[in-house]
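Novice: Encoded as structure tokens, here's the structure I'll be asking about.
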Amino acid sequence: METNLKEKLWSWEELEETLKDRYEDPDIISVRLAFDYASEAHAGKKRYTGAPYIIHPTATAIRLAQMQLPLAVVIAGLLHDVPEDTDRTIEDVEAEFGADIAKIVSGVTKLGKVKYRGIERYAENLRKMFLAMAADVRVVFVKFADRLHNVETLFAMPEAKRSRVAKEVLEIYAPIASRLGMGDMKGRLEDNAFKYAFPKEYKEAVSLLDQNVQVREGDIDKTIDKAKTVLESDGVKIEQVKGRRKFVFSFWRKLKRYHGDLSKIYDIVAIRVVVKDVADCYAVLGTLHSHWPPLKGRIKDYIAQPKPNGYQSLHTTVFDETCGIVEFQIRTHEMHEQAEYGVAAHWNYKQEGSEKKFDTMPWMEDLVDIHKEISAGEDFLTHLEEVKLDMFQDRIFVLTPEGDVIDLPEYSTPVDFAYAIHTEVGNQTVNAHVNDQAVPLDTILKSGDMVSITTNKSRKGPNPEWLKFVKTNQAQTKIRAATKSKVKQWIETMSRKK
Ligand code: MN
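Residue numbers (the numbering used here): 90 to 587.
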């Protein structure tokens with residue numbers, strides 16, 4: 090049990106500083122408006138540590154600003170807990186900050202509604218929700234920044250919640266961050282969660298890693314200096330050469346894979362070389378190999394063949410007399426941004442309206458492009474058709490009031506939802522509510538809608554009229570079966586009466 094409940098009190102000043110540092114001429118007044126609005130809405134509410142609640146949305150916004158995401162995303166970060174935790178509604182937020190920001194905030198709120206009931210079912214639910222919400226990937230960025238602050242301050246949560254949140258991060262959030270190529274986010278999420286999910290292993294891993302890094306640090310510095318010298322004398326222009334230390338959880342995972350054999354892990358400390366363009370990457374590789382013999386089978390060209398999450402770099406492992414075996418990672422500045430921020434790098438505010446393109450996961454690129462066009466005011470539905478990701482093509486994901494996710498075909502209605510829950514629920518449906526509003530039974534549902542069905546046990550059966558609008562086979566079959574038997578019953582009763 091952590092006894093020190095002090096936490097860093099993120100302030101407006103730090104957010105403002107980050108904005109001035111990371112953006113050219115940021116619209117600070119708009120961000121300040123959102124900060125004041127959130128401060129007022131959360132006024133009086135405290136964190137578990139006793140600190141004012143506003144430090145959490147502030148920390149979230151600072152993280153998003155560090156990633157240089159558009160200011161709308163930073164503002165949504167400040168407002169992300171307002172509709173859920175205060176008396177201001179999403180409509181209030183929309184009236185104050187516009188439809189676009191409200192849309193991001195409402196996406197984050199919906200993600201938060203998935204409830205935890207056993208990790209397997211929950212993981213499935215949350216994964217589906219993420220996919221649905223990835224239709225606006227900005228929602229995912231806010232959710233990650235939110236969760237990262239929560240996991241960085243797990244001591245500020247009630248003890249009973251800690252291990253669940255930590256496991257959730259390891260099993261769901263980090264793998265999704267990884268798929269989106271967000272290496273820095275993934276590493277930070279994992280290391281913070283690892284500490285709470287597996288405290289004993291965490292301590293072991295940190296001490297092993299520390300020992301190893303300490304032994305090698307001085308040697309690595311010498312190798313870095315040597316690399317700089319040989320590259321400069323070969324006339325290769327380098328922007329940066331730097332040692333990087335492996336994240337704790339990723340080190341631990343590798344150690345397990347090699348059955349605890351530390352000597353097989355070559356990238357505990359790696360040397361990262363950043364250059365201007367792709368040609369320079371290969372030039373660096375050539376020069377390094379002429380001074381250090383490469384280990385056989387350890388040259389990896391992720392430039393010619395990027396990893397599925399978009400990662401690009403050249404890797405080589407060489408033998409150095411002082412340092413022993415050491416890995417070099419060679420990349421351009423763009424590749425570096427891609428490796429650290431993944432798909433978020435494409436959303437960098439500097440790229441708004443620019444034509445610049447990176448090689449990346451094609452479906453992600455589709456999404457990014459589509460959403461840029463949507464934000465430019467084009468028709469949402471026609472563009473959604475073009476999303477090539479099979480996983481959420483033609484599917485929607487809606488929530489039960491208990492927070493379970495029901496997966497339905499597009500254009501499904503509350504009746505389809507009712508039959509997906511249970512045949513009895515379908516047969517006895519009388520009313521439906523979507524997001525707490527009463528709606529007609531033929532309403533077309535959207536991803537993220539929360540649907541609740543009112544049933545009446547004395548209802549004899551479904552209305553055959555429903556067949557005109559239901560979308561799922563399941564609903565059609567059940568309605569036909571029930572109405573058929575109803576007609577049969579009716580004929581039987583009538584003939585008996587005669
Ligand atoms: Mn939050």
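Note that CB positions come from ideal geometry on N, CA and C, so glycine has one too.
The ligand MN heavy atoms versus the CB of D174: any closer than 6 Å?
Specialist: No - the ligand MN has no heavy atom lying nearer than 6 Å to the Cβ of D174.
Novice: Do E173 and T198 have their CB atoms nearer than 7 Å?
Specialist: Taking 7 Å as the Cβ cut-off, E173 and T198 qualify as a contacting pair.
Novice: Can you tell me whether D170 sits near the ligand MN, meaning its C-beta is under 6 Å from at least one heavy atom of the ligand?
Specialist: Yes.
Novice: Comparing C-alpha positions only, which one of M274, K335, T572, I193 sits nearest to V171?
Specialist: Selected option, being the one with the closest Cα: I193.
Novice: With 16 other CB atoms within 10 Å as the buried threshold, where does Y387 fall?
Specialist: What sits at residue 387 in the sequence shown is Arg, not Tyr. It counts as exposed.
Novice: In its own chain, which residues sit with a C-beta less than 8 Å from the C-beta of T411, not counting the 5 before and 5 after it?
Specialist: Closer than 8 Å at the Cβ level, and outside the excluded window around T411, lie D308, K311, T312.
Novice: Less than 6 Å separating the Cβ of D235 from some heavy atom of the ligand MN?
Specialist: It does: the Cβ of D235 is within 6 Å (strictly closer) of some heavy atom of the ligand MN.
Novice: How about R268 and L237: are their beta carbons less than 7 Å apart?
Specialist: No, they are not a contact pair.
Novice: How many whole angstroms separate the CB atoms of D505 and N524, which I take to be in contact at a CB cut-off of 8 Å?
Specialist: That pair is no contact at about 17 Å.
Novice: Suppose contacts are defined by Cβ-Cβ distances below 7 Å. Is D356 in contact with E416 by that definition?
Specialist: Yes, the pair counts as a contact, with Cβ atoms nearer than the cut-off.
Novice: Which residues bound the alpha helix (DSSP H) around D608?
Specialist: Residue 608 lies beyond the stretch modelled for the chain, which goes from 90 to 587, so this question has no answer here.
Novice: Starting from P146, trace the alpha helix (DSSP H) in both directions and tell me its first and last residue.
Specialist: It spans 144-155 - the alpha helix (DSSP H) in which P146 sits, taken as one unbroken run.
Novice: Does DSSP classify S195 as helix, strand or coil?
Specialist: Three-state result, S195: helix.
Novice: Would you decide whether E491 is buried or exposed? Buried here means 16 or more other CB atoms lie within 10 Å of its CB.
Specialist: Exposed: under 16 other Cβ atoms inside 10 Å.
Novice: Going by the DSSP bridge assignment, what does K389 pair with across the sheet?
Specialist: For K389, which the question treats as bridged, DSSP gives the partners H404.
Novice: Compute the distance between the beta-carbons of L153 and A234, then report whether it is under 7 Å.
Specialist: Against a cut-off of 7 Å, the Cβ pair of A234 and L153 comes out as a contact.
Novice: Given a cut-off of 7 Å on the beta-carbon distance, is the pair L168 and A127 in contact?
Specialist: Contact flag set, yes.
Novice: Can you name, in chain order, every residue of its own chain whose Cβ lies under 6 Å from the Cβ of Y262, other than the five neighbours on each side?
Specialist: Correct list, in chain order: R236, L278.
Novice: Could you give the residue range of the alpha helix (DSSP H) that holds L344?
Specialist: Looking at the DSSP string, the run of the alpha helix (DSSP H) that includes L344 is 337-346.
Novice: So if DSSP puts F486 in a beta bridge, which residue, or which two residues, is it bridged to?
Specialist: Its beta-bridge partners are D496.
Novice: Whose CA, out of A191, R177, A316, E513, lies closest to the CA of Q418?
Specialist: For Q418, the nearest C-alpha among the options comes from A316.
Novice: Going by DSSP in three states, E491 sits in which element: helix, strand or coil?
Specialist: The answer is coil: DSSP assigns E491 none of H, G, I, E or B.
Novice: By Cβ distance below 7 Å, which residues in the same chain neighbour D366 in space, the five residues on each side in sequence not counted?
Specialist: For D366, where only same-chain residues beyond five positions count, the Cβ hits under 7 Å are T421.
Novice: Among K289, S536, V540, which has the Cα closest to the Cα of V528?
Specialist: Cα-wise, what sits closest to V528 is V540.
Novice: Mind the definition here: the stretch 426-440 touches the stretch 344-356 only if three or more C-beta pairs lie below 8 Å; say whether that holds.
Specialist: Because the criterion of three Cβ pairs below 8 Å is not met, the stretch 426-440 and the stretch 344-356 do not touch.
Novice: According to DSSP, is I171 helix, strand or coil?
Specialist: According to the sequence shown, residue 171 is Val rather than Ile. It is helical.
Novice: Do you know offhand how far A191's Cα is from H145's?
Specialist: Going by the C-alpha atoms only, they are around 19 Å apart.
Novice: Based on the DSSP secondary-structure assignment, which residues constitute the bridge partners of N516?
Specialist: DSSP output for N516 lists no bridge partner at all.
Novice: Could you pull out every residue in the same chain whose Cβ sits closer than 7 Å to the Cβ of G515, ignoring the five residues on either side in sequence?
Specialist: For G515, where only same-chain residues beyond five positions count, the Cβ hits under 7 Å are V504, A507, Y508, P551, A564, K567.
Novice: If you scan the stretch 269-339 from start to end, which runs of the beta strand (DSSP E) of 3 or more residues do you find wholly inside it?
Specialist: If we require 3 residues or more, the beta strand (DSSP E) runs fully inside the stretch 269-339 come out as 327-334.
Novice: Tell me where the alpha helix (DSSP H) around G375 begins and ends.
Specialist: Element bounds for G375: 367-380.
Novice: Looking only at its chain, what residues have a beta carbon closer than 6 Å to the beta carbon of K631, apart from the 5 residues adjacent to it on each side?
Specialist: Nothing can be reported for residue 631, as the shown portion of the chain is limited to 90 through 587.
Novice: I'd like to confirm the pairing. Which residues does DSSP put opposite V363 in its beta bridges?
Specialist: Note: V363 sits in a beta bridge opposite Q329, R420.
Novice: Using the Cα positions of A571 and L530, report the straight-line distance between them to the nearest angstrom.
Specialist: For A571 and L530, the distance between alpha carbons rounds to 18 Å.
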